[in-house]
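Numbering (the working numbering), first residue to last: 2 to 763. Ideal Cβ placement from N, Cα and C applies to all residues, glycine included. Let me begin by presenting the structure, written as structure tokens, before commenting on it.
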RNA sequence: UGGGGUAUCGCCAAGUGGUAAGGCAACUGGUUUUGGUCCAGUCAUUCGGGGGUUCGAGUCCCUCUACCCCAUCCA
């Protein structure tokens with residue numbers, strides 16, 4: 002439980018602790034207009050996961066406010082995905098459309114309050130009136146309609162008296178707001194369309210901004226988590242709830258960064274394009290980043306959830322490496338699934354000195370997987386091995402079969418190559434080999450040392466199978482779309498051989514084909530007569546890496562290059578810090594006077610010369626007799642910080658207090674650090690510095706005789722740190738200073754502490 | 001260019017003034033009848049840049065820069 006929490010969980014925890022809510026209620030609110038993808042998995046994991054962690058509830062709500070794009074089949078896919086990932090929503094599946102009547106009533110209320118109006122501008126006019134990002138908009142002439150007229154019009158909109166686009170309902174907020182979302186956002190539009198659930202009951206539909214916050218409120222949601230692009234919409238969310246005087250308790254919106262992955266596209270539009278263009282076989286194509294795709298590929302729900310938990314939650318736009326997902330599935334499958342043998346590219350091996358057949362005992366699990374189970378492995382004179390596992394001219398470091406190097410057949414015997422048979426084109430068609438009868442696995446008395454064991458399949462009893470090898474769908478890290486597809490994302494191997502047990506015994510749903518990867522029978526195309534296996538993910542392969550073959554290696558190279566360049570670049574622009582606008586004439590005069598008469602440094606004089614508010618405070622403080630440099634620092638750091646959130650009229654202290662504080666620093670009655678604490682106290686209570694220091698007992702301790710015992714105490718308390726320090730870990734010095742200061746409540750004079758420590762630690 | 005955000009290792013990501021967590025990737029070495037797993041180890045004198053405050057700054061102040069989002073009757 003004492004795990005580190007992400008910022009969302011932090012918020013929930015605090016809200017629960019403060020009693021703001023007595024239970025957390027979240028929701029996952031997808032729009033049913035496409036298949037859910039791994040990005041949704043992240044949102045699902047967050048919303049359901051937080052509810053679970055804090056023993057709250059999570060609703061599933063279809064955000065079905067746009068009848069023209071939404072379909073029941075998508076809603077179904079979403080429900081399936083949530084269940085498959087292992088989550089259960091609280092109560093029934095909810096729909097924004099369940100609340101259409103209540104939403105309508107809220108809209109009427111807004112109209113009555115004069116906070117919403119029916120606008121009859123055309124779509125283009127509305128756009129034009131809205132202004133741009135840099136210019137304010139103008140309010141529609143229709144905004145002046147009376148409440149009665151608005152009520153009448155809105156009701157007639159509902160009754161279907163108008164065509165699409167004739168009128169809309171808008172909130173009356175602020176057409177000149179720098180936040181575009183606040184420029185009288187649309188609340189309702191007319192759509193004579195058939196809705197997947199409400200049919201033709203409505204012809205006006207609420208917009209996202211209006212429906213979402215109210216649906217959250219209606220459901221008693223406490224924390225409404227959404228992605229970053231809704232940050233600007235939060236103002237509308239709050240406006241609607243506040244204007245209608247809803248709550249507390251009421252929901253608040255918090256945003257997190259959506260998931261991006263390299264070599265992947267995540268937008269619904271691009272995914273749809275892939276499906277529609279036939280570049281993939283459908284939404285559940287195993288190369289698709291959809292939940293359905295991963296599921297068909299063979300990913301486990303647990304691996305997806307683990308992945309989502311492993312990537313963290315933050316507000317930084319980031320791109321997760323697919324390797325992290327691949328790690329999650331390997332990590333889940335490795336300790337679980339049976340190991341079996343499959344040969345993808347068969348090369349026949351005839352063992353000349355072997356006659357008859359036998360069945361070898363072979364465990365399904367390697368020594369490091371604590372599971373029981375084995376099968377009988379048929380063995381006979383003719384077997385298949387992987388073409389890659391033989392080499393006539395082996396590269397350096399090759400561990401497998403060569404004319405001079407024997408190899409072990411996994412779970413069976415050691416063999417040696419006697420002869421290589423080729424066809425007229427020079428292609429190897431067969432290996433004639435010899436086995437060592439006394440080398441049987443588990444009963445090896447031959448004493449032969451081999452470098453590796455390879456998989457094989459008995460020719461007589463093995464099954465032909467189709468194997469589909471998937472690679473990343475896109476060939477570049479940040480694909481734009483179809484133009485960046487990886488032409489080799491699917492390799493179909495028709496003539497593979499799998500051992501008997503895989504077909505006849507089926508010890509599990511998923512397998513590791515030894516030395517190759519994890520595989521899963523394709524749920525659509527695999528049948529008894531025609532087994533088809535999807536490669537979920539390959540095994541890590543340090544040999545491929547080392548021998549530098551395959552496109553992986555190529556990608557690594559092309560990847561490494563821009564990075565090197567980037568690093569280079571990073572150092573370069575250290576030349577010129579940005580130029581600040583020059584001082585005008587009066588500012589210049591002030592600046593010069595501060596520099597010459599008061600002895601301020603440039604960094605102090607400059608901002609004071611520019612900022613009138615700070616300057617007047619500073620000047621007034623000077624008159625009270627404060628030391629210029631100290632006062633300048635106080636004003637420039639502490640006051641400036643407070644002025645970021647509070648206006649100058651609201652300050653609870655004046656020049657006298659600042660001057661007094663400055664004087665106390667000057668006289669070394671308190672340290673500068675303590676002065677900051679005093680300052681905070683002034684902000685909080687409005688008391689004078691003298692009173693605060695008095696009351697808190699914050700006077701500085703500068704007497705070495707008083708500090709020394711504390712130094713000793715600290716040093717005896719952390720003997721191992723002292724040792725580390727003496728061994729050269731100089732960074733620890735700060736730690737010791739910190740401890741001593743902490744022990745004195747920050748009152749010890751840091752200069753003295755430093756001296757003392759320096760002497761004792763020698 | 002107005003507003004809202006974000007910048008910590010190749011990729012995620014902790015960090016709330018006192019020794020820069022962790023995971024992925026990568027790289028050593030060991031175990032291994034999977035070139036897998038596992039185990040041990042290496043991998044940020046530095047937090048987008050520059051200044052300032054402080055005994056001490058990734059954390060506070062000033063400033064600059066880069067990137068993302070907002071001008072759908074989409075969500």
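When C-alpha distances from residue 493 are compared across 532, 437, 685, the shortest belongs to 532. For residue 535, the enclosing beta strand (DSSP E) stretches over residues 533-539. The DSSP assignment places 302-311, 323-334 as complete runs of the alpha helix (DSSP H) inside the region 296-365, in order along the chain (cut-off: 4 residues). The Cβ atoms of residue 341 and residue 365 sit closer than 9 Å to each other. Taking a contact to require three or more Cβ pairs closer than 8 Å, the region 137-155 and the region 168-176 qualify as touching. Rounded to the nearest whole angstrom, the CA to CA distance from residue 298 to residue 378 is 28 Å. DSSP places residue 548 within a helical segment (H, G or I) once states are collapsed to three.
Put simply, of 612, 636, 613, 610 the residue whose alpha carbon is nearest the alpha carbon of residue 622 is 636.
Of the candidates 285, 141, 64, 39, 39 places its Cα closest to the Cα of residue 263.
If you look at residue 494, you'll find it in the beta strand (DSSP E) that goes 491-499. Excluding its 5 nearest sequence neighbours in each direction, residue 320 has C-beta neighbours in its own chain below 6 Å: 261, 263, listed in chain order. Within the same chain, and ignoring the five residues on either side of residue 654 in sequence, the residues whose Cβ sits closer than 6 Å to its Cβ are 683. Taken through DSSP and simplified to helix, strand or coil, residue 459 comes out as strand. Proximity of the region 469-482 to the region 385-404 falls short of the contact definition, fewer than three beta-carbon pairs being nearer than 8 Å. Nearest to residue 275 by C-alpha distance, out of 487, 739, 505, is 487. Per DSSP, reduced to three states, the secondary structure at residue 701 is coil, with no helix or strand assignment. Straight-line measurement puts the Cα of residue 36 at about 26 Å from the Cα of residue 235.
In this structure, the straight-line span from the alpha carbon of residue 432 to that of residue 267 is close to 48 Å. Relative to residue 118, the option among 733, 127, 145, 620 whose CA is nearest is 145. Within the same chain, and ignoring the five residues on either side of residue 129 in sequence, no residue has its Cβ closer than 7 Å to its Cβ. Annotation for residue 331: 519, 538, 540, 541 place their beta carbon closer than 8 Å to its own, counting only its chain and skipping 5 residues before and after. The beta carbons of residue 304 and residue 329 sit about 5 Å from each other, so the pair counts as a contact at 8 Å. Each residue's CA atom was taken as its position, placing residue 706 and residue 730 some 28 Å apart. Nearest neighbour of residue 744 by Cα position, chosen from 727, 728, 713, turns out to be 713. Rounded to whole angstroms, residue 96 and residue 241 show a C-alpha spacing of 20 Å. In the structure shown, residue 183 adopts helical secondary structure according to DSSP, grouped into three states. In this structure, residue 416 lies near residue 435, with their beta-carbon atoms less than 9 Å apart. Close CB contacts of residue 123 within its chain, under the 8 Å cut and outside five residues either way in sequence, are with 166 (chain order). In the structure shown, the three-state DSSP call for residue 227 is strand.
Less than 9 Å divides the Cβ of residue 252 from the Cβ of residue 218. Burial state of residue 63 is buried, judged by a 10 Å Cβ sphere holding 16 or more other Cβ atoms. Of the other Cβ atoms in all chains shown, fewer than 16 fall within 10 Å of the Cβ of residue 114; this residue is therefore exposed. With a threshold of 16 other beta carbon atoms within 10 Å, residue 161 falls short and is exposed. Annotated three-state conformation of residue 294 is helix, per DSSP. The Cβ atoms of residue 285 and residue 296 sit closer than 9 Å to each other. Our two residues, residue 737 and residue 728, have alpha carbons roughly 15 Å apart in a direct line.
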